[in-house]
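Chains as they are written, first to last, in the working numbering: chain A, 39 to 808; chain B, 39 to 808.
Here's the structure we're looking at; comments come further down.
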C-alpha cells in the first residue's frame, strides 16, 4: 500500500514532489484517447527515475521468444506493446541552466488529473542552482474529438529575477522498451524534418513495418501576446527540435502551446503520411488551444453523462470508481474493430499483448451498459475476424475439423504467450469468448449478430471442446484432463469445475444459437452449415453425449463444487492463517509450493457460479462462497470484484464492501506494489461490475432488466447509469429507496426487488425499501 | 536412423567423406581422458559445417537464465559446459593453397576410432584446386596416463608433385558456445606468447574466474629426419601460432608432432600456470610421441582388462557395447571427487550442467562393477560435499530443519535448471542419491561409508521427504502432490508411484543406516545426531507414520501399480497404434497433448520395479511390464535399458534383445537424429547394465553375487567382467553353459542359477545349463 494521493470526487491530486512516487504517478496520471496514450512523464527534462512511455494503438512488436526449454507448439514471438517516439518533450533552460526536477529545489508541486475534463495539470515552483526561482504551469490533453491530436500548454513565470528562458519543443524517436532483450531497439527512423516552428519524424518498426509519423507545431506567448519566433532548428538522427529563447522580466509569464499529431500506417498510406501529419497539425494549430480544449471537455461531459457512478458519503470510494471508469474510457472507445483492450492500456509495457480473456469476461459488461452497442459489437467482431487464426492455433495443437482455440494473449489472432501451462492449457478463455456473444445478445437483444458473425465462432469453439473432452473408461464419464483454470495457482489439473462447466454451457448454447438461426434465417443457416462442413447428426450427438455424461468433481461431504479433482487432498489452510509477511505468495513462495497449496489466486469455481448464477439456488451459492472466499488470496486484480458481486448476492454487504475497496483502489493505493509498471485497466471494469451487478444487483433476465440493490453501511447513496436496449437509465440507491430515471428512450419495464414496474419515457420512479 | 559406420569389433570406422555426416562423426569419434575432451574436428582448416568443441573438466560458465515468465525460486543462472580454446589446430598449405576438405577433392577418406588403444586416426587423399595431390595421415590421442597432455602426429605426403608445404600449429582462444545468448563470448584472454617452436595462451572465463592455460611445442620430420625449423611467429589477440614451410619432393612425407598441454586453475595456482604449462609441454616433448603412445595404449589395455564385454556372433552388438564402455571410460575416471559425469560428457554442449540423477541411477552401477571402489566413492562424496547447497536449495522452496533437496542439474551443488515442473517437482532425483549410497555399500561392503559421509546425506533427504509428503484428510492417507516422475511426459501429477515408493524406501533405509552406525560406532552416531539436531522421537515417529500410511495408486481392476493417480482416466492407446510419422512425439505434438496422452517417455513405474525388484513377485513384475512397455515410447535415452533388464528378468529374451540394440546403438546409428549435438554418455552405462544385469542377470543379494543369465538367440556367447569386493570375475555365458573365471582376488562364493558355488582364487568354474 502507498496512500499519497488526496481524496477528491473528480480529481486525482498529488501534492508535493516525491521522486520515489514519480513512476507510480506516471502510471496513475496517464492520458489516453483510445487511439494513443502516454504515461504522465514530464515535458521538461527529468534525470530521475522515470518510465517514458508513449503508445500508439495497434502498433506492436513481435519480439523474439525468450524461453529456457522450448516446447513444441510455442509461438516464435511474443507480441509486445511498443514504446513509441516521445512527442511531449519541451526542454526548458533558465539563464542557460536546464530545468530538471531531479536537480532543482521544488516547492508548491501539485499534479492533478482532472477526470471530469480529461486534462492533466501540473504546477510547481523551482529554484535553480543559481537561485533563480520560476513558476511552471503545464496542462495537456489528448483530444477525444480528434484522436490524432495532443496539445500542451506550458508556461514559465520568472519569480525572483529577470531571466533568459528557452523552450526546446522536440520529438525524440530514440526510445526503447524497458523489457527489450539485450537492449535492442525496435524503431528505424525513415525521415526527420525540422523547420521554422514545426518538426516531423517518421519512424518504422523494425519488424512488421508499422510507420508512425509524429509532427509538432507551436506558438509562444508572453503576457498574452503571441511572439515572433526565430528558432534554431535541430535535426539529428532520431530527433528533431526547435529552440527559441526570450527575455522575461520578473513576474512575467512565457508560455508555449505545443500542438502535436500522431498518425500511424494503420490509418494512413505510408507514402504521404508526413503530409497528412502536417495537415492534422496545421488544423489543430489553426483551431487553437482553447477551441480544442472546449470540444474535448464537452466530449468528456457526454461520456460521463452515460457512464458516471456517484457515491454519496464516501469520497475515497467515489474517487476510485470515477478513476476506474475514466481509465477505461481513455483506453478503448470502440470505434475501431481492429483494436482491443490491453491489461495495462496505454500506461505501461507489462503483459505485452493487447488482448486477453479479460476483454470478454470483464470489459464487455462495462461497455454493454455504458456505451452504444456498436462498441461491444466491435469487440466481438475482433474475435470473429480472428477465427481462422484460432482454428490454425487449434490445429497446431492437434485439433481438427475446424476446432478453434482462441489465443491466451494476442495482437492479431496469433498466440503470443509461451508458458505451456497457460498457452496450451488455460483454455477456459474459449468459453469466455462464447459467453460474451451470449451476454451481448442478452443485453442488446441483437439476435441478428448470431447469423452475421456469432454462429461460426460458437461452432468453432464447441468443436474444440468436443475434441478436448475425452471419455474415461475408468469413470465411464467424460473428463477434461490437463487444464489450467482461472486460478493460475493450479496448473495441468484434471476436471477443473469451471472449465468443464463453461465448456458444457458452450455445447448447449451453440445448439440454441443454431436453432435460432435455423428458425429465423434458414438460408443463412444452411450456408453456415455448408461452409463449416458441419455434420449435424454426428457432431450434435457427440455434444449431447458429453453434456449428459460429463464428470464434475464435487466434495461428497459438503456438496461444494470442487475446483478440480483431488482438491480435497491438499492441506486445507485458510488465507487468514497465513503470515502476512509471505503475501503475496507469488513473491515469496516457489511455484511448486503455491501449486501444492489450497490457496486460490482468483475466483475459479466462483467465477463459474457468477456466470451461471441462474443455475444455482442461493444455498449452493452461499456454500461455495463460504468455502472458497477464505481460501482465495485475490492475487489477481480480476478476483475481488467477482467475490464482491457474490457477497452482495448472498447479502453479505460488509464482505462486498471490503472487496469493493480492494478492487477499486488497487492502483490508487498500490495494494500490490506494482503500479509503477502501469495500471490494471481490464480489472477496472470488474470494479464497475462490483457496483452495478454487485451492490446494484443488476441482471438481465428474459430480456428484462432486474435490480436487486444492496447498499453498504458506509454509503448514504450511490447511483449508476445503464444503457439497455435504447434506454438510458439512471439508478439511484439509498438505504431507504431505489430510484430509477428513464433518461433516454421509450417506456421501459424493469423488475425492482421482485416486482415489475413500468417507467415511462423521460420520467422516474422511486420505490421505498422495506 | 543413419547407418554409415562400418561394423567392427574394436574400431568405429567411417569410410569416404560425406560432409553431411561430419558433425555426427565429430560427436561419435570424440576423445576424452576424464580431465579434458574434444569433438573429432579436423586439425586442418575446415570451412564446412562443424561444431568445434574442446572441453576442460570442471570449467563451466554461469550463463544468464533465459525464461519468458519468471517463477519465484528459479536460479539466476544456468551453468553450462564451456567450449574452451582449441589447441588441436594445424593449418596446412600446399604450394600456398590452404588445405580445406570442404574445398578439396577428397578420396580414400578413412576415419577410425581405435577403441582398444584410445586413438583417433584419419587418412585421406586430397586434390587441391591446382591439381596437386597429397596424402594426409593424422593420429591423435589424449593421454590417460598424463591427463593434461594431448598429442598429434600429422603428416603430408606429396603424391603427384613437388610441393612447398607449410604447417601452422596454433592455439585459438577466439571460441564461442553454440548456445550462447546473443553470441556472447565467455573468455577473456590474459596472456599469449608465441616463441620459437612453442606457444601459450592463458584465458580466463568472464565469470567465476577459471583460468586455463594451453601450451604447444612441436617437431617436424621429413623422411624420418627431424628438421631444423625457422618459424614465423604469430601472436594475435586471442591466438598464437608458428608457421614453418618446407619443400617436399614427390612421394616424400612431411610430418609434424604437436605436443599440447592443457592446465586449469582447478589444479594449478593462477600465478604460475604458464610456467607449469611450459613444464608439462616440455616433459611430454622430451618423452616423445612413441613413448607417450605406448604408455597410453598400455593404460587402455588395463582399462579393458577390467571392463570389457565380448559378444560372439554379433559384430554390431559387440562394437556397440565397446563403444559405450569406451566413451564412459573416456568421460570419467573417478580420480577427482570434484568432477562428475555430464549427459554429453566431452562431446557437446547440450544439457549444460554436469550432474544429473543419471550419475546415481545409471553410472554408479557401471563404475561399481568395472572400477575400483574409490571411483564410485568419489561420485558419492561429490554429493556429500554439496549437502549444504542441497539444504539451501530446499530452504528456498520452503523446507526447514535441514531438509535437503539435491538439484536437478548442477555444477557445484547449486540448482541451475529453470523449468518449474522439473526444477521444483522432479524430486525423485533425491531418492536416486540415497539409493546410490545403498547400492555402493551393497556392492562394496564398505559399511564405514555411512558414518563417514553417508548418514547425514540420508537424513537430509529423508527430512525432505517427510515434509514434502502431506496428509490428505480426504483419503486419510499420506500423499505426495505436485511432482514430476522419471516420465517427464507427465508434469505436476499427484501420487507418482515411483516417487512415493523411493521416498518411502529412503525413510526406511535411513533408519537402517542410523541403526547400523549406532551399533558400530556410537560416538560417531551421537555426534551426527547432535550436529544435525535430530529429534529422534518426533522425526522417526513421523517417518514411520508415513511409511505405514502412504497412499499408492493401484488399478483396482488389474492390480497394476498406477504411474500416478488418474492415469486410467486417459485414453488408453498403445505405442503400436501411433503413426510412426509423429514419433518422436516431442518433435511433433504440443506439450499439452503429450501430457494428456497415456504415452510414457521413459521407465517410471518400471524404474521403481527395477530398483526394488526384490519386493515384487515375478507375476507382479510381468503384469506391470506388460502393461507399461506397450505404452512407453523410449524417447529418453535412459529408458530402453531398464525395460531390457526387466524383459530379461521375466524371460522375454526377444524383447530384451530389441531393447538392447536400441540402447546400445542409439548414437552409432543415430536413432533420434540428434547425435550431431553430442553423445548420450550417461545412458551408455544403462547399455552396460542391460547386458550385465539384464542378460547376465547379475544381482547382489545379502552380500553375495548372484547370476541368472539369459542369452539372446542372435548371440553365440557373451562375457563380461565384474569387480566385486576384491575379486575380478570374468563371466561367460553361452546357451550351453555359464563360466566364471576368478581372475583376481581370493576364493569367492557365487550364486549361479539358484545354486551356490565357490570359485577358488585364479581358477574357474563352468556350469552346464539345462
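Where a beta carbon is used, it is the ideal one built from N, C-alpha and C, also for glycine.
**Report entry** 8 angstroms Cβ cutoff, residue 485 of chain B in contact with chain A
**Finding:** no
Query raised in the report: Using a beta-carbon distance below 8 angstroms, is residue 275 of chain B in contact with chain A?
Result: no
Query raised in the report: Got a sec, what are the start and stop residues for the alpha helix (DSSP H) residue 681 of chain A sits in?
Result: 678-687
Requested in this report: Starting from the N-terminal side, write out each stretch of the alpha helix (DSSP H) that is 4 residues or longer and does not extend beyond the segment 683-717 of chain B.
Outcome: 691-702
Query raised in the report: Among the residues of its own chain, which have a CB less than 7 angstroms from the CB of residue 245 of chain B, if the five just before and after it don't count?
Result: 99, 100
Requested in this report: Alpha carbon to alpha carbon, how far is residue 379 of chain B from residue 649 of chain A? Give it in angstroms, no decimals.
Outcome: 55 angstroms
**Report entry** Under 8 angstroms by beta carbon: chain B residues contacting residue 626 of chain A
**Finding:** 110
Requested in this report: Would you grab the beta carbon distance between residue 706 of chain B and residue 179 of chain B for me? Rounded to a whole angstrom, and I think it's under 8 angstroms.
Outcome: Not a contact, Cβ separation roughly 21 angstroms.
Query raised in the report: Quick one: Cα of residue 568 of chain B to Cα of residue 613 of chain B, how far?
Result: 53 angstroms
Report task. With DSSP collapsed to three states, give me the class of residue 502 of chain B. Result -> helix
Query - Cutoff 8 angstroms: residue 741 of chain B Cβ touching any chain A Cβ - result: no
**Report entry** Beta-ladder partner(s) of residue 100 of chain A, from DSSP
**Finding:** A:117
Query raised in the report: For residue 251 of chain A, which residues does DSSP report across the bridge?
Result: A:240, A:301
**Report entry** Rounded straight-line distance, which links the Cα of residue 232 of chain A to that of residue 258 of chain A
**Finding:** 17 angstroms
Query raised in the report: Going by C-alpha distance, which of B:125, B:444, B:348, B:413 is nearest residue 393 of chain B?
Result: B:444
Query raised in the report: If you compare alpha carbons, which of B:420, B:434, B:322 is closest to residue 627 of chain A?
Result: B:434
Query raised in the report: Do residue 211 of chain A and residue 277 of chain A have their C-beta atoms within less than 8 angstroms of each other?
Result: yes
Query - When A:497, A:588, A:484 are compared against residue 534 of chain A, the one with the closest alpha-carbon - result: A:588
Query raised in the report: Can you tell which of B:713, B:721, B:608 has the C-alpha that lies nearest to the C-alpha of residue 528 of chain B?
Result: B:608
Query - Candidates B:516, B:334, B:73, B:761: closest to residue 481 of chain B by CA position - result: B:761
Query raised in the report: Which whole-angstrom value describes the C-beta separation of residue 604 of chain B and residue 661 of chain B, a residue pair presumed to lie in contact below a C-beta threshold of 8 angstroms?
Result: Between residue 661 of chain B and residue 604 of chain B the Cβ distance is about 20 angstroms, and since that is not below 8 angstroms, they are no contact.
Query raised in the report: With C-beta atoms as the reference, is residue 755 of chain B less than 8 angstroms away from residue 291 of chain B?
Result: no
Query - residue 411 of chain A classed as buried or exposed, judged by whether at least 16 other C-beta atoms fall within 10 angstroms - result: buried
Requested in this report: For residue 136 of chain B, go through chain A and note every residue whose CB falls closer than 8 angstroms to its CB, in chain order.
Outcome: Going along chain A, no residue has its Cβ under 8 angstroms from residue 136 of chain B, so there is no contact; the nearest lies around 35 angstroms.
Query raised in the report: By how many angstroms is the C-alpha of residue 516 of chain A removed from the C-alpha of residue 546 of chain A?
Result: 16 angstroms
Requested in this report: State whether the segment 630-646 of chain B contacts the segment 662-675 of chain B, with contact taken as three or more CB pairs (one from each stretch) at a distance under 8 angstroms.
Outcome: yes
Query raised in the report: Within 8 angstroms (strictly less), CB to CB, does residue 607 of chain B reach chain A?
Result: yes
Query raised in the report: Among the residues of its own chain, which have a CB less than 6 angstroms from the CB of residue 744 of chain A, if the five just before and after it don't count?
Result: 737, 789
Query raised in the report: If we count Cβ pairs, one from each stretch, closer than 8 angstroms, do we get three or more for the segment 180-200 of chain A versus the segment 282-301 of chain A?
Result: yes
Query raised in the report: Which residues in chain A sit within 7 angstroms of residue 631 of chain B, going by Cβ to Cβ distance?
Result: 435, 436
Query raised in the report: For the segment 512-531 of chain B, which residues have a CB atom closer than 7 angstroms to at least one CB atom of chain A, in sequence order?
Result: 512, 513, 517, 519, 520, 529, 530
Requested in this report: For residue 510 of chain A, go through chain B and note every residue whose CB falls closer than 7 angstroms to its CB, in chain order.
Outcome: 607
Query raised in the report: Looking at chain A, which residues of the segment 99-125 of chain B have a Cβ within less than 8 angstroms of any of its Cβ atoms?
Result: 103, 104, 105, 106, 107, 109, 110, 111, 116
Query raised in the report: From residue 42 of chain A to residue 593 of chain A, what distance separates their C-alpha atoms?
Result: 46 angstroms
Requested in this report: Classify residue 487 of chain B as buried or exposed, calling it buried when 16 or more other Cβ atoms lie within 10 Å of its own Cβ.
Outcome: buried
Query raised in the report: With 8 angstroms set as the bound, which would you pick, yes or no: does the beta-carbon of residue 610 of chain A sit closer than that to a beta-carbon of chain B?
Result: yes
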